[in-house]
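Number of protein chains: 2
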Amino acid sequence: MQRKPGRGVAIVGAGMSKFGAFPGLATRDLFVEAFRELLASVDKGFDARDIEALYIGNFSSDLFEGQAHTAPIMADWVGLTPRPATRVEDACASSGVAFREGLIAIASGLYDIVLVGGIEKMTDLPTARVTDTLATAADVTYETPAGFTFPGLYASMATAYLHAYGATPEAFLKVGLKNHENGALNPKAQFGQRIADIIEARKASAAKKGKPIPTWADELAFLNDERANPVIAWPLRLYDCSPISDGAAALLLVSEELARRFTDAPLYVIGSGQASDGATHDRPTLTGIPAAQRAAQLAYAMAGVTSADIQLAEVHDCFTIAEIMATEDLGFFAPGEGWRAAIEGRTARTGDRPINTSGGLKSKGHPVGASGAGQVVEIWKQLRGEAGARQLPGEPCLGLTHNVGGTGQTCVVHIFERR
Amino acid sequence: MQRKPGRGVAIVGAGMSKFGAFPGLATRDLFVEAFRELLASVDKGFDARDIEALYIGNFSSDLFEGQAHTAPIMADWVGLTPRPATRVEDACASSGVAFREGLIAIASGLYDIVLVGGIEKMTDLPTARVTDTLATAADVTYETPAGFTFPGLYASMATAYLHAYGATPEAFLKVGLKNHENGALNPKAQFGQRIADIIEARKASAAKKGKPIPTWADELAFLNDERANPVIAWPLRLYDCSPISDGAAALLLVSEELARRFTDAPLYVIGSGQASDGATHDRPTLTGIPAAQRAAQLAYAMAGVTSADIQLAEVHDCFTIAEIMATEDLGFFAPGEGWRAAIEGRTARTGDRPINTSGGLKSKGHPVGASGAGQVVEIWKQLRGEAGARQLPGEPCLGLTHNVGGTGQTCVVHIFERR
Chain G
25 MQRKPGRGVA IVGAGMSKFG AFPGLATRDL FVEAFRELLA SVDKGFDARD IEALYIGNFS
85 SDLFEGQAHT APIMADWVGL TPRPATRVED ACASSGVAFR EGLIAIASGL YDIVLVGGIE
145 KMTDLPTARV TDTLATAADV TYETPAGFTF PGLYASMATA YLHAYGATPE AFLKVGLKNH
205 ENGALNPKAQ FGQRIADIIE ARKASAAKKG KPIPTWADEL AFLNDERANP VIAWPLRLYD
265 CSPISDGAAA LLLVSEELAR RFTDAPLYVI GSGQASDGAT HDRPTLTGIP AAQRAAQLAY
325 AMAGVTSADI QLAEVHDCFT IAEIMATEDL GFFAPGEGWR AAIEGRTART GDRPINTSGG
385 LKSKGHPVGA SGAGQVVEIW KQLRGEAGAR QLPGEPCLGL THNVGGTGQT CVVHIFERR
Chain X
25 MQRKPGRGVA IVGAGMSKFG AFPGLATRDL FVEAFRELLA SVDKGFDARD IEALYIGNFS
85 SDLFEGQAHT APIMADWVGL TPRPATRVED ACASSGVAFR EGLIAIASGL YDIVLVGGIE
145 KMTDLPTARV TDTLATAADV TYETPAGFTF PGLYASMATA YLHAYGATPE AFLKVGLKNH
205 ENGALNPKAQ FGQRIADIIE ARKASAAKKG KPIPTWADEL AFLNDERANP VIAWPLRLYD
265 CSPISDGAAA LLLVSEELAR RFTDAPLYVI GSGQASDGAT HDRPTLTGIP AAQRAAQLAY
325 AMAGVTSADI QLAEVHDCFT IAEIMATEDL GFFAPGEGWR AAIEGRTART GDRPINTSGG
385 LKSKGHPVGA SGAGQVVEIW KQLRGEAGAR QLPGEPCLGL THNVGGTGQT CVVHIFERR
């Protein structure tokens, strides 16, 4: 069903900028920051001039910065002209797809060493214009003229999900709490604050004043309070939405046979799947993402593994509902069971199916064109035992990334192995 | 120097929409038109569902139509979801680079049959906004704040060229005249009028009135008249600039060993070169495009041919000076000799080095993201003997395309052979 490419590919270096809001910096500055970290990450060192081509994932510097044609600029700023530099755009899946193009290019035999990057600088525009810009990733003929922006589109999916499975919005909140819990341990995260800290501060304050300590039900009520956690598009509230972010990430890919020249701990890319779909209004279901299901099937088939084998995953939690759907689309939980798994803590770092140990897009930040590459950076760190305070125990060796463009017009899934 | 990819690739189908201004049509409509022509062009027929992936070159539907994430929309509109659909952007070289990604993807062994497309819909915006949108392909940090738009950037190159080589603007005019001469024979051309018709009408009018018939010097004076041919950015006048256009083109690529299942007259892609460069202000020369020179060297090396072997070429004449530089960068003429060759008619259909038999971007139109793919359509027609009234004699079998992004931050060159 899914053919394997001509030869294998390994990751031998990875770097990312801090994600956040950085006035005065452009994408090129953030990319240089990511590239410098990548250079330092290559265990046995290498000469950057050996890089033969660049694939840069970028959603829309066109609209965010008035700068198109970003790939050669990135090549120039890291000193890699005249090497071929190609921008890949598939909305928020741009750098997941750029990563796949890097794989394909090495598999073709044309290159041995390829740099894959992801970049986005979103915070220069006012929020309303960012929302409008993101909405260009939906269908401007059918969706946005009907009033839809992305919070609305994902809210439709959330509403459909609640209705279909009798789920409660508490599940969404649990995803947000969990991802901020992880992001608090990630120095690159934009919002590394624990939402739980708000709750603990309230408990401490109550104890100090001799008042009854709030129960979880009290806290839920508090977090469903319009002032503490306003509705963005019902049922999605502020803590259900990923932020507007600036950031860049970079990965060094080499042909499998060269990997150990660079490091004794390469990550082998064993599965890759990509799929497309029509616009949201034109799908048979709103409770899952068909392109994600297909991309996952293709990636599993190429890797020769099943969902049960995956030990950790970075999934595309642009909204909390998206993470719950992802855990079902990827086969980690049965359809309609993802929300219960979230409530039960099964996707926490301490659960049986850790999801978004980096903090995910929700807490780490979502510079859209960089997010897919950023996911791979987390898998690189976890599988190499370099994730610091958020490191998973037990030396995991099989990880997955799941990167969605739009509401699922594009999805790309990759599977990584440390041998 | 340039490795060959793992396996060869052939073109077995090609189609394009008419290029022009089409109010009320979106890129998706134009792409469907190109795809339909492609379907009809496959000599032995095929099932479109056998297409395994799409690569779509598109400069900035983001800014032109407010629609990003265009690749899956194109897949959807030609009935090809859920196949992977990837947008490639390298400014005006977008679909030349998308074509190269198609090659690489087949060479990788992942796919056997790939659809490459190019799309752009520019005419919905007022001209000034189109100029600003195109300027996002230059460097927004260093070039556009200094007042440069693309006519200005190419005018700088034209001025440098005139100065360096003692050339005259008459050479530019000759390129425009020649390309409109060719475009008049291309039913897909946006401006298929011969500039020469203006001159002939003046001659006829003079003869009728018993006045002296204008000489070429008179005509040059007329065409250098501000009303007949206004200066856009000196020394470039109206007839030196390609138009603002809508259009789409599509190519069907298959692995070499499958080609004869589709047609007995496939075009083999024997050379591919791509290179990047920094912004215009930061180059050692303005009289040529270094990335074009390098991309050409890489393509010649892969194909095992030299510039002398090439029988026809479609080159990136966004401005007439660009065609003259291209003929030098590609090695057809020595540096500083391209302008003389243009004046001497050597690049005409009847010359020893036919360039832009389609009419080029100048006459055929320049829907920027579609132009690179459109160039390949012309080579397909010429090498198969299907170019109608503009068909070159002598059954040419080796053709070349040269597609430039920005002022040469990207360049991609391909070489095609009919065996």
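Protein sequences, first through last, are from chains G and X.
Residue 310 in the numbering used here sits at position 286 of the first sequence, with consecutive numbering throughout.
Residue 84 in the numbering used here sits at position 60 of the second sequence, with consecutive numbering throughout.
Cβ coordinates follow ideal geometry from the N, Cα and C atoms, glycine included.
- Report yes or no: do the segment 365 to 375 of chain X and the segment 241 to 252 of chain X share at least 3 C-beta pairs separated by less than 8 Å? no
- Item | VAL112 of chain X to ALA299 of chain X span [Cα, whole Å] | 15 Å
- Which residues mark the beginning and the end of the beta strand (DSSP E) in which THR110 of chain X is found? 109 to 113
- Taking 8 Å as the cut-off, decide whether the C-beta atoms of GLY398 of chain X and MET40 of chain X are in contact. yes
- Task: Examine the Cβ distances between the segment 387 to 401 of chain G and the segment 257 to 275 of chain G and report whether three or more of them are shorter than 8 Å.
- Result: yes
- Message: Spatial neighbours of PRO267 of chain X within its chain, please: C-beta separation below 7 Å, excluding the five flanking residues on both sides.
- Response: GLN214, PHE215, GLY389, HIS390
- Task: Kindly give me the distance between the Cβ atoms of ALA162 of chain X and THR304 of chain X, rounded to whole angstroms, as I take these residues to be in contact under 8 Å.
- Result: 7 Å
- Query: If you check the beta carbons only, do ALA323 of chain G and GLY432 of chain G fall under 8 Å apart?
  - Reply: no
- Message: Taking the beta carbon of ILE237 of chain G as the centre, do at least 16 other beta carbons fall within 10 Å, making it buried, or is it exposed?
- Response: exposed
- Query: What residues in its chain sit with their C-beta under 8 Å from that of THR330 of chain X, if we drop five residues either side in the sequence?
  - Reply: TYR324, GLY355
- Does the separation of the CB atoms of ASN203 of chain G and ASN427 of chain G fall below 8 Å? no
- Message: Counting C-beta neighbours from all protein chains within 10 Å, is the total for THR51 of chain X 16 or more, i.e. buried, or is it exposed?
- Response: buried
- Query: From the beta carbon of GLY32 of chain G, is the nearest beta carbon of chain X less than 8 Å away?
  - Reply: no
- Straight-line gap, GLU194 of chain G to ILE367 of chain G (C-alpha atoms, nearest Å): 7 Å
- Query: What number of angstroms, rounded off, separates the C-alpha of GLY312 of chain X from the C-alpha of PHE196 of chain X?
  - Reply: 15 Å
- Please report the residue range of the alpha helix (DSSP H) in which MET146 of chain G lies. Note, MET146 of chain G: premise wrong, no alpha helix (DSSP H); not H, not E.
- Quick one: measure Cβ to Cβ for VAL293 of chain X and ILE35 of chain X, integer angstroms, because I've assumed they're closer than 8 Å. 7 Å
- Message: Please list, in chain order, the residues of the segment 262 to 282 of chain X that have any C-beta partner in chain G closer than 9 Å.
- Response: none
- Query: Excluding sequence positions up to five away, which residues of its chain have a Cβ less than 8 Å from the Cβ of GLY48 of chain G?
  - Reply: none
- Quick one: does GLU89 of chain X have its CB under 8 Å from some CB of chain G? yes
- Message: Is LEU139 of chain G close to chain X? Criterion is C-beta to C-beta, closer than 8 Å.
- Response: no
- How big is the Cα-Cα spacing for MET181 of chain G and ILE345 of chain G? 8 Å
- chain X within 8 Å of MET25 of chain G, Cβ atoms only: Residue confidence is low: MET25 of chain G scores 40 on pLDDT, short of 50, so the model does not pin down where it sits. No coordinate-derived value is stated.
- Message: Is there a C-beta anywhere in chain G that falls below 8 Å from the one on ASP81 of chain X?
- Response: Asp is not the amino acid found at residue 81 of chain X; the sequence shown has Gly there. It does not; no Cβ of chain G falls within 8 Å.
- Cα-Cα separation, GLY90 of chain G to GLY429 of chain X: 16 Å
- Query: Taking just the CA atoms, how far does ALA159 of chain G sit from PHE83 of chain G?
  - Reply: 12 Å
- Message: As a quick exercise: from G:HIS438, G:SER395, G:CYS421, pick the residue whose alpha carbon is nearest that of SER118 of chain G.
- Response: G:SER395
- Query: Using a beta-carbon distance below 8 Å, is PRO47 of chain X in contact with chain G?
  - Reply: no
- Distance between LYS227 of chain X and LEU247 of chain X (C-alpha atoms, nearest Å): 14 Å
- Answer with buried or exposed for THR38 of chain G, where buried requires no fewer than 16 other C-beta atoms within 10 angstroms of its C-beta. Checking the displayed sequence, the identity of residue 38 of chain G turns out to be Ala instead of Thr. Buried, by the Cβ-count rule.
- Rounded C-beta distance between SER279 of chain G and ARG31 of chain G? I'm assuming under 8 Å. 6 Å
- Query: Going along chain X in order, which residues have a C-beta closer than 7 Å to the C-beta of GLY171 of chain G?
  - Reply: Here the premise fails: no neighbours, minimum Cβ distance about 15 Å.
- Determine the closest residue to LEU78 of chain G out of G:ASP221, G:THR434, G:ILE130, G:PRO175, with distance taken between C-alpha atoms. G:ILE130
- Message: When you compare the CB of GLY423 of chain G with every CB in chain X, is at least one pair closer than 8 Å?
- Response: no
- Query: Based on the DSSP secondary-structure assignment, which residues constitute the bridge partners of TYR79 of chain G?
  - Reply: G:THR110, G:VAL140
- Query: Do ARG414 of chain X and ASN210 of chain X have their CB atoms nearer than 8 Å?
  - Reply: yes
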